[in-house]
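Number of protein chains: 2
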Amino acid sequence: MAVDEIKQVIIVRTDLDMGKGKLAAQCAHASLMSYFEAERSDKGMAKAWLDSGEKKIVLKVSSEEALLKLFAAFQFKKIPCALVTDAGLTELPPGTKTALGIGPWLAKEIDLLTISLPLL
Amino acid sequence: MAVDEIKQVIIVRTDLDMGKGKLAAQCAHASLMSYFEAERSDKGMAKAWLDSGEKKIVLKVSSEEALLKLFAAFQFKKIPCALVTDAGLTELPPGTKTALGIGPWLAKEIDLLTISLPLL
Numbered sequence: 001m002a003v004d005e006i007k008q009v010i011i012v013r014t015d016l017d018m019g020k021g022k023l024a025a026q027c028a029h030a031s032l033m034s035y036f037e038a039e040r041s042d043k044g045m046a047k048a049w050l051d052s053g054e055k056k057i058v059l060k061v062s063s064e065e066a067l068l069k070l071f072a073a074f075q076f077k078k079i080p081c082a083l084v085t086d087a088g089l090t091e092l093p094p095g096t097k098t099a100l101g102i103g104p105w106l107a108k109e110i111d112l113l114t115i116s117l118p119l120l
Numbered sequence: 121m122a123v124d125e126i127k128q129v130i131i132v133r134t135d136l137d138m139g140k141g142k143l144a145a146q147c148a149h150a151s152l153m154s155y156f157e158a159e160r161s162d163k164g165m166a167k168a169w170l171d172s173g174e175k176k177i178v179l180k181v182s183s184e185e186a187l188l189k190l191f192a193a194f195q196f197k198k199i200p201c202a203l204v205t206d207a208g209l210t211e212l213p214p215g216t217k218t219a220l221g222i223g224p225w226l227a228k229e230i231d232l233l234t235i236s237l238p239l240l
């Protein structure tokens, strides 16, 4: 890993029994919303990420509690991130938190908080 | 469906045996790249979509040929779209076309070309 590698991480809940399409859509929401946060926060980093191939990694957690703790931790660290709340029109109750997008941001700073999470 | 409903459609190949995380990341790529195309093409429509909850649907095809035909058809119709080419660093050979993002754009115009495709 390059010292200044930039990546986006998407963390998705696997305890909701979402179908594959639903899950992929939630990850896409998280990616786009978090991208906008990152662009507002550091336009140069967002652009560098786009120009370098948009590295994305998808990780999993198995509870809403775990997702919310991570969200709070990234907010505390002032790392741009976005929590996806499902509108509840199809598979899930309205307001269900499904996924968390983080960055694009410095990989080494993200990794400090996600290192123990498994890949989806 | 409202007459002027706006949505984004993501079409992903299921013949590549991608893991769930890989598949979700490809869909996120498609979503973000296609969003940028849509923003360049019609900023008002892109904004209306963000403001209305970012409806996203994920559909599937089972071959590269099917994906490329759809890409050509959406380009011919001048509907903003983006084809995802995998860098080939992990599961796939470099250059593999994995997914297609379409819009956000008018749902009724997208549906004309995707109506026969199954949900992922």
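Respectively, the protein sequence lines represent chains P and B.
Numbering of the first sequence is given in my numbering, commencing with residue 1 and proceeding in unit increments.
Numbering of the second sequence is given in my numbering, commencing with residue 121 and proceeding in unit increments.
Don't be surprised by glycine CBs; every beta carbon is placed ideally from N, CA and C.
All figures in this text were calculated on a predicted structure; none of them were measured in a lab.
- Item | Span of the beta strand (DSSP E), counted from its first residue to its last, around B/T218 | By 1-based counting over the second sequence, the position of residue 218 of chain B is 98. Here the beta strand (DSSP E) through B/T218 covers K217 to L226.
- Message: Which same chain residues end up closer than 8 Å to P/E54 when comparing Cβ atoms and leaving out the 5 residues on each side of it in sequence?
- Response: As a position in the first sequence, residue 54 of chain P is number 54, starting the count at 1. Result list for P/E54: Q8 and P104, in chain order.
- Spatially closest choice to P/L59 from P/T98, P/G88, P/E91 and P/E37, by CA coordinates: In the first sequence, the residue the question calls residue 59 of chain P occupies position 59. Taking only the C-alpha atoms, the option nearest P/L59 is P/T98.
- Query: If contact means a Cβ-Cβ distance below 9 Å, which residues of the region 147-163 of chain B contact chain P?
  - Reply: C147, A148, H149, A150, S151, L152, M153, Y155 and F156
- Task: Within its chain, find whatever has a CB closer than 7 Å to the CB of P/F74; leave out the 5 residues flanking it on each side and keep chain order.
- Result: Locating residue 74 of chain P in the first sequence gives position 74, counting from the first residue. Here the set comprises C81, I102 and L113.
- Could you spell out where the beta strand (DSSP E) holding P/L68 opens and where it closes? Here residue 68 of chain P refers to the residue found at position 68 when the first sequence is read from its first residue. Counting along the chain, P/L68 falls outside any beta strand (DSSP E), though it belongs to the alpha helix (DSSP H) covering E64 to F76.
- Message: Looking at chain B, is there any beta carbon in it that lies within less than 8 Å of the beta carbon of P/I10?
- Response: The residue given as residue 10 of chain P occupies position 10 in the first sequence. Closer than 8 Å: yes.
- Query: Are the region 31-45 of chain P and the region 85-97 of chain P in contact at 8 Å, needing three or more beta carbon pairs?
  - Reply: no
- Task: Would you identify the three-state DSSP class for B/K175, choosing helix, strand or coil?
- Result: By 1-based counting over the second sequence, the position of residue 175 of chain B is 55. Three-state DSSP puts B/K175 in coil, outside helix and strand.
- Task: Say whether chain P places a C-beta atom closer than 8 Å to the C-beta of B/E174.
- Result: Mapped onto the second sequence, residue 174 of chain B falls at position 54. Output row for B/E174: interface = yes.
- Identify the continuous alpha helix (DSSP H) that holds B/A150 and give its terminal residues. Looking up residue 150 of chain B in the second sequence gives position 30. Note, B/A150: alpha helix (DSSP H), K140 to S161.
- Task: Would you list, in chain order, the members of the region 178-189 of chain B that have their beta-carbon closer than 9 Å to a beta-carbon of chain P?
- Result: V178, L179 and K180
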